[in-house]
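Residue numbers (the working numbering): 1035 to 1579. As structure tokens, the structure follows; a few thoughts come after it.
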Amino acid sequence: MDEASSSRRSQLLRDLDEARSRVAQLEDQLAALSASDSQSGQFSSTAAQTEGGANGTEVVNGRKKEWPLSSREYKRYGRQMLVSQIGLPGQLKLKKARILVVGAGGLGCPVLLYLAAAGVGDITILDHDSVELSNLHRQVLHTEERVGMPKAESARIALQALNSDITIHSHVLPFTPALFHPPLSTNSTPHSILEGIFDLVLDCTDNPATRHFLNAYAVSKGIPLVSGGAVRAEGTVGVYGLPLPATEENRETARGPCYACLFPPSPPPPAPPSLSSDPAAFDKYYEQLSLAGTGACADEGVVGVLCGVVGLGMVGEAMKVLLGTAKPALHLFSPLSSAPYRTIKTRSRKPTCPTCGTFPSPSASSLTEASTPKSRWQSFLDSPTGEWPGWSDPLCELPGVGALASMEDRRVSVEEAKRRLEEGQEDRRTRVIDTRSGTEFGIVSVDGSVNIPFPLLLRNPSLALAPSPPAHTSSPSDSTTSASPPERITFLCRRGNDSLLASRALRRYLASRPDESGKQIEVEDVKGGLEAWARASADEGFPMY
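This is the structure in structure tokens:
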């Protein structure tokens, strides 16, 4: 397909999407009028004239006068249009804008809420996940009644109730390379996403792989990107790929840095050593992964208000992009610190950036052609495998070390651990050591357990043998302590991964010092951890976070 045909096809698809959006909007307005008519019986002539303003027309001296907004829109956005930086021209820019929001979770909710309220005319929502109860402290568009509903659909319902004058498209899909390759691209992927006919993309995702792939998509389509991140009590907002004033020399590359210019993609991690050939190196590999953390909210935690702060920061930058006043920026937010807001001056585009840079073609058959973001994206689309370089699917969760246990590991079920704890409580034969952080231990813990955080155990496994828990750890008042080491030590963690590594570390320690304890000590861990404990009928009602 030549360039002219491709451009014509894109324009036709844009026109078709706009027509469909307009039809959907008119149907919504007709349904609303029908419902109102059934309640009131009929409209008075005065009411009809007032509602007639909803079409943006007024009869003056027998002639129709067209207004750029409907009378309801003038009322809705009037306070906003009073601001000199927006006015009527700015409101019209917002109304004509088409945006793609990927993610309807902690960041997507405030982003969608305020951009819809501000009057952004066409919003496409993409999210594959469903609403969970644990989301509701920060994902403010969703409700208890919609737990279990796809987030994209829940967000659409909330936004349509807030502002019926705009068009909302919701798609229960993940933003992955499969979105652009058959069969998904031919069956489910919206044409607007395939063609990239958006004025702005907002990245409200929560993992590096999707962030970098979404950045590559935005760069290849020439769409500005506003990206946000929030974990624990710290967040960021960045504006990337922003068009800059062009000169004759840089007309094709007059853009601000992309996301990868500032945050280059990490190289793929090395493959883990073999458990059978080198158990110590295998454990060391997974110990380092555990200590590094996952960066996910489910593991690291997140302050609910931080999502609101970061989301609103994204909204502010998005509005500046749509109004034409934005500049490349990177903002840091930490609402619980003494200096909650900081702005960092971003660097210019990185010529060697793997995403937005231009390089000599790697193909020997086309040495005269440069490798550009568009050509690399087209190569990806033409690829029969549909693989994106460096892509690691965040939806395919890798098994934790707990799922890779060997026959030499002694693992016990929740029921067995509970029985042993009860039997050994009086004579202190069994000690249950919880390897989670002190903060997590303070949220919920098993009665009789002792808290020694995982990093401390790795540095000094002998802490597990101490007659009393270390002074810096917390433990319940009835914790298992004795004047001598117990006969059995059972490790417990959140999911059964760190506890397995802790048990191996202690066994290695005991093997290297066979005479230190003076007696044989059984070392084991609870399979599945506290999540399995909470699910087990043996302790029904045990809370989990």
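Where a beta carbon is used, it is the ideal one built from N, C-alpha and C, also for glycine.
Check                                                                                                                              : Outcome
Per-residue DSSP class, three states only, for Thr1380                                                                             : coil
Assigned exposure category for Pro1303 - 16 Cβ within 10 Å defines buried                                                          : exposed
Reference Thr1380, options Tyr1274, Arg1538 and Pro1307, closest by Cα                                                             : Tyr1274
Beta-carbon gap between Asp1559 and Ser1324 smaller than 8 Å                                                                       : no
Proximity below 8 Å, CB of Ala1609 to CB of Phe1393                                                                                : Given a span of 1035 to 1579 for the chain in the structure shown, any question on residue 1609 remains unanswerable.
Whole-number beta carbon distance between His1215 and Asp1420, since they are thought to touch under 8 Å                           : Checking the sequence shown, residue 1420 turns out to be Gly, not Asp. With a Cβ gap of about 3 Å, Gly1420 and His1215 count as contacting.
Bridge-paired residues (DSSP) for Pro1184                                                                                          : Ser1164
CA-to-CA distance, Lys1553 to Arg1541, given in whole angstroms                                                                    : 13 Å
Ala1195 versus Ala1212, His1176 and Gly1182, residue with shortest Cα-Cα distance                                                  : His1176
C-alpha gap between Leu1116 and Asp1237, whole angstroms                                                                           : 30 Å
8 Å Cβ cutoff met for Leu1296 and Val1337                                                                                          : no
Secondary structure of Phe1209, DSSP reduced to three states                                                                       : coil
C-alpha gap between Glu1178 and Phe1367, whole angstroms                                                                           : 29 Å
Pick from Cys1292, Leu1050 and Pro1313 that is closest to Pro1407, judged by C-alpha positions                                     : Cys1292
Spatial neighbours of Tyr1148 in its chain, beta-carbon cut-off 6 Å, leaving aside the 5 residues before and after                 : Val1349
Under the three-state DSSP convention, the category His1365 falls into                                                             : strand
Contacts around Pro1489, its chain only, beta-carbon distance under 7 Å, and the 5 residues preceding and following it disregarded : Leu1325
Residue of Pro1144, Lys1099, Gly1358 and Glu1107 minimising C-alpha distance to Lys1127                                            : Gly1358
Cα-Cα separation, Ala1344 to Lys1354                                                                                               : The sequence given here has Val at residue 1344, not Ala. Approximately 16 Å between the Cα atoms of the pair.
Given Pro1279 as reference, the closest of Ser1372, Gly1290, Ile1133 and Val1271 once Cα atoms are compared                        : Gly1290
CA nearest to the CA of Cys1390, picked from Pro1299, Arg1445 and Ile1191                                                          : Pro1299
Alpha-carbon to alpha-carbon, Ala1539 and Pro1208                                                                                  : 39 Å
Exposure label - Ile1477; buried when at least 16 CB within 10 Å                                                                   : exposed
Same chain only: Cβ atoms within 8 Å of Leu1276, ignoring 5 sequence neighbours per side                                           : Pro1258, Arg1289, Gly1290, Val1355, Ala1360, Lys1361 and Pro1362
Ala1404, DSSP secondary structure in three states                                                                                  : strand
Close-in-space but distant-in-sequence residues of the same chain around Tyr1319 (CB under 7 Å, 5 per side omitted)                : Pro1306 and Pro1307
Member of Pro1501, Glu1556, Gly1562 and Leu1492 whose CA lies at the smallest distance from the CA of Leu1535                      : Leu1492
Local conformation of Lys1553 per DSSP, three classes                                                                              : coil
Residues that DSSP places opposite Leu1259 in a beta bridge                                                                        : Val1235 and Tyr1274
Strand pairing of Ile1120, partner residues [DSSP]                                                                                 : Looking at the DSSP assignment, Ile1120 forms no beta bridge with any residue, so it has no partner.
Cβ shell of Gly1155 (< 8 Å), same chain only, five flanking positions each side left out                                           : Leu1128, Lys1129, Lys1130, Ala1131, Arg1132, Ile1200 and Thr1201
Residue from Pro1102, Cys1143 and Leu1364 whose Cα sits closest to the Cα of Pro1123                                               : Pro1102
8 Å Cβ cutoff met for Leu1167 and Val1181                                                                                          : yes
Secondary structure of Ile1200, DSSP reduced to three states                                                                       : coil
Proximity of Gly1262 and Val1253 at Cβ, strictly below 8 Å                                                                         : no
Backbone CA spacing between Gln1125 and Arg1528 [nearest angstrom]                                                                 : 50 Å
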